[in-house]
Amino acid sequence: MPEPNQPEDYLQRLRHSTAHIMAYAVQQLFPDGERTVKLAIGPPIENEFYYDMEVPRPITPEDFPEIEKHMKAMIRSNAPFEQETWAYDDARQWFGERDQKFKLELIDGISDREVSATDEGVDEEGVSIYHNGDFTDLCKGPHVEKTSECRYFKLLRVSGAYWRGDSNREQLQRIYGTAWETKADLQAYLTQREEAAKRDHRKLGRELELFQMHPESPGSAFWLPKGALIYNILSEKVRKLYLTEGYQEVRTPLIYDSSLWETSGHWEHFKDDMFLVENEEGEATSALKPMNCPAHMLIYKSVRHSYRDLPYRIYDQGVLHRNEATGTLTGLSRVRQLCQDDGHIFVEEKDIANEYERILGLFQRIYGTFDLPFRCDFSTRNPEKFMGDIEVWNRAETLLEDVLKNNQIEYSLDPGEAAFYGPKLDFQVRDSLNRDVQCATVQLDFQLPERFDLTYVASDGSEKRPVVIHRAICGSFERFIAMLIEHYAGAFPTWLSPVQCVVMTISQRFVDYGTEVEQLLAQKGCRVVLDNSDGKIGAKIRQARLQRVPYMLIIGGREQESRTVSVRSREEGNIGAMALDTFVDKMVQEADLDF
RNA sequence: GCUGACGUGGCUCAAUGGUAGAGCAAGUGAUUUGUAAUCACUAGGUUGGAGGUUCGAUUCCUCUCGUCAGCUCCA
159 MPEPNQPEDY LQRLRHSTAH IMAYAVQQLF PDGERTVKLA IGPPIENEFY YDMEVPRPIT
219 PEDFPEIEKH MKAMIRSNAP FEQETWAYDD ARQWFGERDQ KFKLELIDGI SDREVSATDE
279 GVDEEGVSIY HNGDFTDLCK GPHVEKTSEC RYFKLLRVSG AYWRGDSNRE QLQRIYGTAW
339 ETKADLQAYL TQREEAAKRD HRKLGRELEL FQMHPESPGS AFWLPKGALI YNILSEKVRK
399 LYLTEGYQEV RTPLIYDSSL WETSGHWEHF KDDMFLVENE EGEATSALKP MNCPAHMLIY
459 KSVRHSYRDL PYRIYDQGVL HRNEATGTLT GLSRVRQLCQ DDGHIFVEEK DIANEYERIL
519 GLFQRIYGTF DLPFRCDFST RNPEKFMGDI EVWNRAETLL EDVLKNNQIE YSLDPGEAAF
579 YGPKLDFQVR DSLNRDVQCA TVQLDFQLPE RFDLTYVASD GSEKRPVVIH RAICGSFERF
639 IAMLIEHYAG AFPTWLSPVQ CVVMTISQRF VDYGTEVEQL LAQKGCRVVL DNSDGKIGAK
699 IRQARLQRVP YMLIIGGREQ ESRTVSVRSR EEGNIGAMAL DTFVDKMVQE ADLDF
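Residue numbers (our numbering): 159 to 753.
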């Protein structure tokens, strides 16, 4: 996201100004609103804006027309946005008289020079104040000149948000809206949101019969036959790739004694988020695994390793359970039961760069196949909170950065965001609603080798500690498939389509030939369905199109006589008749894909 | 977990305190069809669950489960 306060970014200013107008309008909803609506912050964000506030009663979307009415009045008045600087005490008094506790807190923060991350007013001598009409707000700006510039806006949704993002503090109401320079831009944005909603994986998952959810197991997918096909194809292709790239597959238990989680550190940090298993006495002495790494540590440790064995790469498609908070569950993107393409590499420090190079190669092969646009975040050491040798960290971070550069991967640096046990790379893709979804993650770990006392024998006979690389390239298959559903809007490429071809007969007279075509395709491994119902051909086509089937074969008298098929493709429509054998070859070829 | 909204046949949605409806899907029958919906009939709901208010609750209230939008979290 661009810096919100760049004066050259007109849209940012426009949205920020619209947020002020909205805050004013919400105040008009309540008697003595200037005092009873306690404003927090109201910044522009990508495409939208919001304002956080404490209100006498919850705002609901039903309030939007009324709020918008007041906004329009303010906009029509064409009041200028005017800035002033107030001395701290003046500002404290003014906002104090109006019980604006959040603004007072911000003013204190500004005078203590603590505030930097907010967009509220900062100045040497005092605080920056903006007026528009009867509305006055603590704000650094910048704003547009006149309220009339904010004509093209719409309020979108309302939600809760904690003051200063702290779940121990007050929960405020956040109202989101969007604002644009022209009516056409606004309309285009609203249309884009509607289009995006149509490819929501939860909607398509139901319509295409891919998966379902049930209250009996919240946050865990039931994969229906078509979805299970996609799931299995994907995991098979990924597995095949890794096996040819130096990984060995393992399978490990679901349930482990708590001692393992104590060793790994999970018991301390994540016990509340794990599904616990009780013993006969009712004590929680073991737990379902939330990740595979501790199991892999045990495997590594079970034999003595030589430097000649390294890098030692193991891969696991084990089922994981995480007891995610109820409010966070969302479709397939945030689930309680998941399975990752999870691998761990035990490596000498000198080989870290080389391993990263290989992992990025895998990443590019998989993401390249799907043509998925991604973003990479590189999280580096938090100087306050890290374990291990600072020299090792520095070397590792330099190495990772070099690898990113050498592979021409664009990344953004997140200084201080790494976990305490090692730097990490996160790859994010955008979902259909423009939200970032984390998929691939590659993480260096100096901690687990320590906790599990892992060693290898170096060439000079000394015992050394390996480094562990955690890597998941698809991430969880659940989330990855959710993203693929949205990326393709359900129209999967042929090799991944649960049904690749529907053979449809013009009438019952051609069922024999239709059946022959179906069976031939099936014999060649094509996922084919015969539609010999007695509906019209138009209806059959409509059915298949709604299911996003890549190929439709129309079988009638002409085709039967010449032993051809009339082919209709999902993308190109009717592409005419083709010899049966030619089509079979085409299907076999299209269905064949390796990463 | 927090704030708010929502929950009506498989799906999409009506019904605002007075006998729960429609379209699609399903079943049956008719039709035998040439590139996005053939026609008719039939069946399907104790309105997520529990409690309460009321002569009467899909509708109002409480609790609970789930879903959604965000927030916090995401090993």
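All C-beta atoms, glycine included, are put in the ideal place defined by N, C-alpha and C.
Three-way DSSP call (helix, strand, coil) for residue i in this model
i    : result
V723 : strand
K622 : strand
E283 : coil
S317 : strand
G200 : coil
Q596 : strand
N290 : strand
F188 : coil
Q495 : strand
S634 : strand
N732 : strand
F311 : strand
A737 : strand
V746 : helix
P165 : With a pLDDT of 45 at P165, under the threshold of 50, the predicted position of this residue should be treated as unreliable, and no value is reported.
K361 : helix
G519 : helix
Y347 : helix
Assigned exposure category for residue i - 16 Cβ within 10 Å defines buried
i    : result
R480 : buried
D295 : buried
E290 : A quick correction: the sequence has Asn, not Glu, at residue 290. N290 is buried by the Cβ-count criterion.
G335 : buried
M229 : buried
A275 : Caution is warranted here: a pLDDT of 41 is assigned to A275, below 50, making its placement in the model unreliable, and no coordinate value can be reported.
P656 : buried
E621 : exposed
N450 : buried
S763 : The requested residue 763 is not part of the displayed model; the chain covers only 159 to 753.
H174 : buried
F239 : buried
A630 : buried
L490 : buried
P202 : buried
D190 : exposed
F207 : buried
Q718 : buried
Y209 : buried
M759 : An answer regarding residue 759 cannot be provided, because it is not within the stretch 159 to 753 covered by the chain.
For residue i: DSSP bridge partner residues
i    : result
F380 : Q370
I472 : Q406 and H502
I627 : I503 and L602
V686 : C659
W244 : V285
R332 : D210 and S317
V477 : C497
G299 : According to DSSP, which records beta bridges pairwise, G299 is partnered with nothing at all.
T488 : R492
F239 : N290
Y614 : K622
A337 : F311
I712 : M662 and S724
K304 : P238
For residue j and residue i, believed in contact at Cβ under 8 angstroms, the rounded distance
i    : j    : result
H178 : F293 : 6 angstroms
A749 : T663 : Not a contact, Cβ separation roughly 23 angstroms.
G574 : P541 : 7 angstroms
L106 : H645 : This structure cannot speak to residue 106, because the chain is shown only from 159 to 753.
S724 : L704 : Not really, about 20 angstroms apart at Cβ, beyond 8 angstroms.
V550 : E507 : 7 angstroms
A576 : G633 : Rounded, the Cβ-Cβ distance is 18 angstroms, inconsistent with contact.
M333 : I503 : One detail in the question is off: residue 333 reads as Ile in this sequence, not Met. At roughly 47 angstroms, the Cβ-Cβ gap does not stay under 8 angstroms, so I333 and I503 are not in contact.
S325 : Y465 : Incorrect: roughly 47 angstroms between the Cβ atoms, too far for contact.
K395 : D752 : 7 angstroms
S378 : R494 : 5 angstroms
A231 : G284 : About 31 angstroms separates the two Cβ atoms, so there is no contact after all.
I517 : V600 : 6 angstroms
3 or more residues per run - each beta strand (DSSP E) lying fully within the segment 524–599: Runs found: 532–537, 569–572 and 582–588.
Ranges of the beta strand (DSSP E) found wholly within the segment 407–474, counting only runs of at least 3: 413–415, 434–436, 442–446 and 470–474
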